[in-house]
Structure formats: structure tokens, C-alpha cells
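Down below is the structure, laid out as C-alpha cells.
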Amino acid sequence: MASASIFTFLLLFLLLASIAYPDSSQAAAASGGGSWQLLQPNIGITAMHMQLLHNDRVVIYDRTDFGRSNLSLPDGRCRHNPNDTALNIDCTAHSVEYDVAANTFRALFVYSDIWCSSGAVMPNGTLIQAGGYNDGDKVVRVFDPCEDSGCDWVEAGSVLAVKRWYATSHVIPGGRQIIIGGRRQFNYEFYPKAADGGSALKKLPFLVETFEAGHENNLYPFVFLSPDGSLFVFANNRAISLDYLNNKVIRTYPVIPGGNPRSYPSTGSAVLLPLRNLNDGAKCEAEVLVCGGAPKGSFGQVEKRGNFVPALDTCGRIKITDPDPQWAMETMPLRRTMGDMTLLPNGDVLIINGASNGTAGWENAHGPVLNPVLYRPNAPPGSRFQVQNPTQIPRMYHSSSILLRDGRILVGGSNPHIGYEFRGVQYPTELRLESFSPGYLDPGNDYLRPRIYSPPSQHAVTHGQDVVIRFNIRGRINFSAISATLVAPSFTTHSFAMSHRLLELGFGNSVKLVGNLAYEIRARAPGTEYLAPAGYYMLFVVHQGIPSEGIWIQIKSQ
Numbered sequence: 015m016a017s018a019s020i021f022t023f024l025l026l027f028l029l030l031a032s033i034a035y036p037d038s039s040q041a042a043a044a045s046g047g048g049s050w051q052l053l054q055p056n057i058g059i060t061a062m063h064m065q066l067l068h069n070d071r072v073v074i075y076d077r078t079d080f081g082r083s084n085l086s087l088p089d090g091r092c093r094h095n096p097n098d099t100a101l102n103i104d105c106t107a108h109s110v111e112y113d114v115a116a117n118t119f120r121a122l123f124v125y126s127d128i129w130c131s132s133g134a135v136m137p138n139g140t141l142i143q144a145g146g147y148n149d150g151d152k153v154v155r156v157f158d159p160c161e162d163s164g165c166d167w168v169e170a171g172s173v174l175a176v177k178r179w180y181a182t183s184h185v186i187p188g189g190r191q192i193i194i195g196g197r198r199q200f201n202y203e204f205y206p207k208a209a210d211g212g213s214a215l216k217k218l219p220f221l222v223e224t225f226e227a228g229h230e231n232n233l234y235p236f237v238f239l240s241p242d243g244s245l246f247v248f249a250n251n252r253a254i255s256l257d258y259l260n261n262k263v264i265r266t267y268p269v270i271p272g273g274n275p276r277s278y279p280s281t282g283s284a285v286l287l288p289l290r291n292l293n294d295g296a297k298c299e300a301e302v303l304v305c306g307g308a309p310k311g312s313f314g315q316v317e318k319r320g321n322f323v324p325a326l327d328t329c330g331r332i333k334i335t336d337p338d339p340q341w342a343m344e345t346m347p348l349r350r351t352m353g354d355m356t357l358l359p360n361g362d363v364l365i366i367n368g369a370s371n372g373t374a375g376w377e378n379a380h381g382p383v384l385n386p387v388l389y390r391p392n393a394p395p396g397s398r399f400q401v402q403n404p405t406q407i408p409r410m411y412h413s414s415s416i417l418l419r420d421g422r423i424l425v426g427g428s429n430p431h432i433g434y435e436f437r438g439v440q441y442p443t444e445l446r447l448e449s450f451s452p453g454y455l456d457p458g459n460d461y462l463r464p465r466i467y468s469p470p471s472q473h474a475v476t477h478g479q480d481v482v483i484r485f486n487i488r489g490r491i492n493f494s495a496i497s498a499t500l501v502a503p504s505f506t507t508h509s510f511a512m513s514h515r516l517l518e519l520g521f522g523n524s525v526k527l528v529g530n531l532a533y534e535i536r537a538r539a540p541g542t543e544y545l546a547p548a549g550y551y552m553l554f555v556v557h558q559g560i561p562s563e564g565i566w567i568q569i570k571s572q
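In terms of our numbering, the sequence shown opens at residue 15 and continues consecutively.
Here it is in C-alpha cells:
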């Protein structure tokens, strides 16, 4: 009798879950760790693009041609733009600055259309945003962070050599950025432009080779700076190693097994896994992880037949520095397209947001994947994934997430519609901002958590310089389970965290007791800009997988 009651209860539970989330893989997912917190019920815009800056403010924006947003510009200000495709006069904001510590936000003013653009941060902490749509496709916008409310976007028109819509930006050595691809742009350029006045535009035939008429599947390519100074560029279902200075392909990697596309609009995601052995160039290996996406032809199936093809449930991992690199495939516990992948301070990877069926694009996906998944790169194959506790907010097309300095993940966005739609649609435009706290932030781990008290935040170092880090731990320390990591904050949009990287700093056996529950390590900053381009990084001390709150470190070139 008891067994029958339990069976009836389970059936009722599954029925209720399927009613709440009719297409969602959530109903079948087991829950793990982590917790969610609603931060803001309405920030006025949908968070299509996000970048954390070194003053712990996050710049967020969507697009200017959605029509009116839900946030008015201050002081009666309006945008008068005869080129806007929605409103010539618009008195609402399409960008905000979110203050993490205060949990407040303010409207920013952006003039030209920043839809589906890219961005990266300069060594001095200035955000450079490149391209967009319509009147914004060749515009560069600059945001200099400030401690008050006096800073805002500054725009410069026709700076880019060609139109950049769905392009990828990445920081590179020398204080510059590279901007690759975009819709029907099979080339790349640099910002700032070369001082010698050389050709601003470099052709990249690889983007022609990976282009699919009607689907494209090579937009927002996944780009990572390798320890040897080359760029790993992944588009559609394969990748190259690019000597970007000499415009030469050094290596062509194998097609990812299965041959399915992973970049936009199939929209998987990718990360460069943590870099180690930074002080021994011969041993510094680099691996890339590519997860999810939509099977070949999925975009056409939705557009022409209304068929929402199940998303991919596989990840490919490849050691890009290996003499004979090969893909190793793994199966995720949940299939996912439009997911975001974020490096956590302890070296794990969080896969979050997205849908279980369809592709990117207006109304092109069903079945929000509400459970994040934790990927542990150092665990044995077959035991690397762990399903986390679910959110209650579907995060579909045009959602994003970033790592904050306190270890939380800031999550926002989702708008599968051409404009703002809040009623009469299955997945309304989402204006809420929330955070996900991984299990390492559980209060039960506080006794293991390091607390850095020296150096102060905003500390500056040069490449290869030693950094003396002092920290407290309330509980008993495990000297063999201490590490220090540097994390470059990402510009995240459309399921890719641009310029995101994590470096594990070497310090040997230098952990010292320097006071009551106080310890010191002497870590060494990465030795070259190939490992860590100049700029701001979050520094964490990690003890038994539990990270401290980070501090800001600025790496300066000598």
C-alpha cells in the first residue's frame, strides 16, 4: 500500500512539473547544489550583453531598436535618432550600470544600435564596445569606469573598417584587441589600429570555409589566446590556430566528432580550461572545452517547419597545444543550446541558461533548461558533471551570465522576441536580475574559506613579479590543498564569454604561518602577455576547492 502511494505521488509530481515547464528538461533533472537569489525584479532592460569592470560595476545593454524599454533616461533626456528602425525619439534607456555591492542600477545613454555587438576591456580598465546593427555596425563605444555616476558611453562613428554584427572581440598582447568576423565578414581587424598605418583589415578564408548559406553557423566564433601567442579560432564545427600578426594559419584542428555546428545560431558555448605550470612554458598546456549547440539543419527545421529539434548533449575537449590534438567527447546530463559557460575561481566550469530544443533566433527555441550543470575538469571521465539546483526563471535567447568577485554568478536577460513582449507569449521578455551561488558559498564552508587581507585590492604587478598574499582561514588548514588563481572577467553575450581565462599561479611549497590563523604565500604573476595580457584580473586564494572573495590585481607590461 505504501509503495502504491509513493508511486502515485511521483506520478503527480512529474505531471505538475510537466505542466509548469511543458517543454523543459527540468522535469527529468536531478538536483544538486547551489542556491539562487533574486537581486532586482526589474532593471528596465533585458541583459543581452554584460561586462564586469574593476570597480565592481557591471555594464549591461540590449539594443536600441526594441522600442521603448521599461527604464526612463534621467533628467528628461531623450535620444533623437532618425536612423533608428523603431523610434526616432526615444526617452528610455537601453544600457545600465549595475553596482554589485549596493545592488542598485542607473540608466546609461547609448545613441547608435549596439545589438549583437562585441566588447573587451583595455589594460587601463576601459571597456571598448565594437559594432552592432544598422547605424551602429561600424561604431566603437568607450566606457571609462568611475566611482560616482558621472561616467557614460562615448561613441565614435565609422571607426571600424567594416560592419561588425555578431563578431567576437578578444584582448591580445600589446594593449590591443582583435575583432573577428561578423555577419558576412570573413576577416578581422585590430583596435586601436596599427600605429604604422598598415592594412587595417586581414582576410580570414577559414570563415568562408565554415559559412553555411541560410544558416551561417560561424557567427560569434569562439576565440582564445594560446600560451604560444597564437589564437585558437573555432567556427561551425572545426578550428584553426591563427598567427594573427602574420595572417597565417599555423594548424588546422580535426572536425569535432559528429560534425554538428556549435557556434551561432546553433549556439553552443566554449571555455579555455584553467592554465597551469605558468612558469614553465614547455609544460603549460591549453585545453578548450566546447559544449552543447544544435544539430546540423536545426535552424532551418524551426524556420521552415516549426520543428524544434532536440539540442546536443555532448561536449568536446581538445588539448590545443598537443602535437597531435584530438577531440575527446563527453555526454552532458542535460542537452542544451544557448547555454553560458563560466569559469569558477576554483577551476570548475558552470554551464547555465539555455534551452533543450531549437536554436538561437526569434521564437526558435522551446524548453528552458533551468538547472545549471557543474563541470569539474580534473575529475575522472564519466564523473565530471553535476546537476545543480534550478532557477525559476527561463533564460532563453539573449540571456547572459558573468562571474562576480564574491564568487557568485550574475544572471540576466532572455528575450526571444523582436520587441519587448510581456503578455500572451510562452517566454516573456525577462527584466529580472538574479545570482547563482555555487556550493562553495554555502555557509557550512565558511570555516574552510580563505580571507585575503593583503595586498589591497587594485594592487599592480608586472609579468613574472612575485606577489605576497596574506590570508586567514578560521578552520584547520590543509597545506597541500591551497592554490591561487587569476580570473579575467569576461564580456559575455550570445553564449560566449569573450577574453575569459583562468590562470593557476605557482608558489611551490611556500605556504607559511605568519600569525594566529594567518598565512602567507608568495605567488608569481604569469611571465608573459601570451599567458595573461595586461589588464585587470580577479585574484582568489582557494582552499580545498573553496575560494576566497577575490581582490582586483592589475597586471602591467614592463
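Ideal Cβ positions, reconstructed from N, Cα and C, are used throughout, including at glycine.
Legend entry - Neighbourhood of Ser571 by C-beta, 6 Å cutoff - its chain only, sequence neighbours within 5 removed: Excluding the 5 residues flanking it on each side, Ser571 has same chain C-beta neighbours closer than 6 Å at Ala548, in chain order.
Inset, instruction - My understanding is that Gly520 touches Leu292, with C-beta atoms under 8 Å, so please give their C-beta distance in whole angstroms. - result: 6 Å
Legend entry - Reduced DSSP category for Lys310 - H, G, I as helix; E, B as strand; rest coil: coil
Legend entry - C-beta contact flag for Val124 and Thr140 at 8 Å: no
Inset, instruction - Per DSSP, which residues does Leu357 bridge with? Please list them. - result: Answer by DSSP bridge pairing, in chain order: Val363.
Legend entry - Assigned secondary structure, Ala495 (DSSP; H/G/I helix, E/B strand, else coil): helix
Inset, instruction - Could you tell me if Phe493 is buried or exposed, where buried requires 16 or more neighbouring beta carbons within 10 angstroms of its beta carbon? - result: exposed
Inset, instruction - Run the CB neighbour count on Cys160, radius 10 Å, all protein chains shown included, and call it buried at 16 or more, exposed below. - result: The residue in question, Cys160, is exposed, as its Cβ has fewer than 16 Cβ neighbours within 10 Å.
Legend entry - Contacting residues, own chain, Cβ-Cβ under 7 Å from Val439 (five flanking each side not counted): His431
Inset, instruction - Can you give me the start and stop residues for the beta strand (DSSP E) that Phe399 sits inside? - result: Phe399 to Val401
Legend entry - Helix, strand or coil at Tyr544 [DSSP, three-state]: coil
Inset, instruction - Measure the alpha-carbon distance for Pro235 versus Tyr278 and round it to whole angstroms. - result: 8 Å
Legend entry - Same chain only: Cβ atoms within 8 Å of Met512, ignoring 5 sequence neighbours per side: Ser132, Gly133, Ala134, Thr182, Ser183, His184, Val237, Ser504, Phe505 and Thr506
Inset, instruction - Leaving aside the five residues before and after Asn84 along the sequence, list all residues of the same chain whose C-beta is less than 8 Å from its C-beta, in chain order. - result: Asn56, Gly58, Ile59, Thr106, Tyr434 and Leu445
Inset, instruction - Classify Asn459 as helix, strand or coil using the three-state DSSP reduction. - result: helix
Inset, instruction - Return the Cβ separation of Asn403 and Gly46 in integer angstroms, given the expectation that the two are a contact with Cβ distance under 8 Å. - result: 7 Å
Legend entry - DSSP-derived helix/strand/coil call for Arg319: helix
Inset, instruction - Let me know the secondary structure DSSP gives Tyr454 once reduced to three states. - result: If DSSP states are grouped into helix, strand and coil, Tyr454 belongs with the helices.
Inset, instruction - Return yes when the Cβ of Arg77 is within less than 8 Å of the Cβ of Ile128, no when it is not. - result: With contacts defined by Cβ atoms closer than 8 Å, Ile128 and Arg77 form a contacting pair.
Inset, instruction - Please confirm whether any heavy atom of the ligand FAD lies closer than 7 Å to the CB of Gly541. - result: With respect to the ligand FAD, the structure offers nothing, as it holds no ligand at all.
Inset, instruction - Select from Leu388, Cys305 and Thr118 the residue whose C-alpha is nearest the C-alpha of Asp327. - result: Cys305
Legend entry - Endpoints, alpha helix (DSSP H) assigned at Leu221: Pro219 to Glu223
Legend entry - the stretch 262-276 touching the stretch 305-315, judged by at least three CB pairs closer than 8 Å: yes
Legend entry - Assigned secondary structure, Gly90 (DSSP; H/G/I helix, E/B strand, else coil): helix
Inset, instruction - Taking 8 Å as the threshold, find out whether the stretch 315-329 comes into contact with the stretch 357-371 through three or more Cβ pairs. - result: yes
Inset, instruction - Return the Cβ separation of Ala175 and Leu215 in integer angstroms, given the expectation that the two are a contact with Cβ distance under 8 Å. - result: 5 Å
Legend entry - Cutoff 8 Å: Tyr550 Cβ touching any chain D Cβ: Looking for chain D here will not work: only one protein chain is present.
Inset, instruction - State the Cα-Cα distance for the pair Tyr147 and Gly196, rounded to the nearest angstrom. - result: 11 Å
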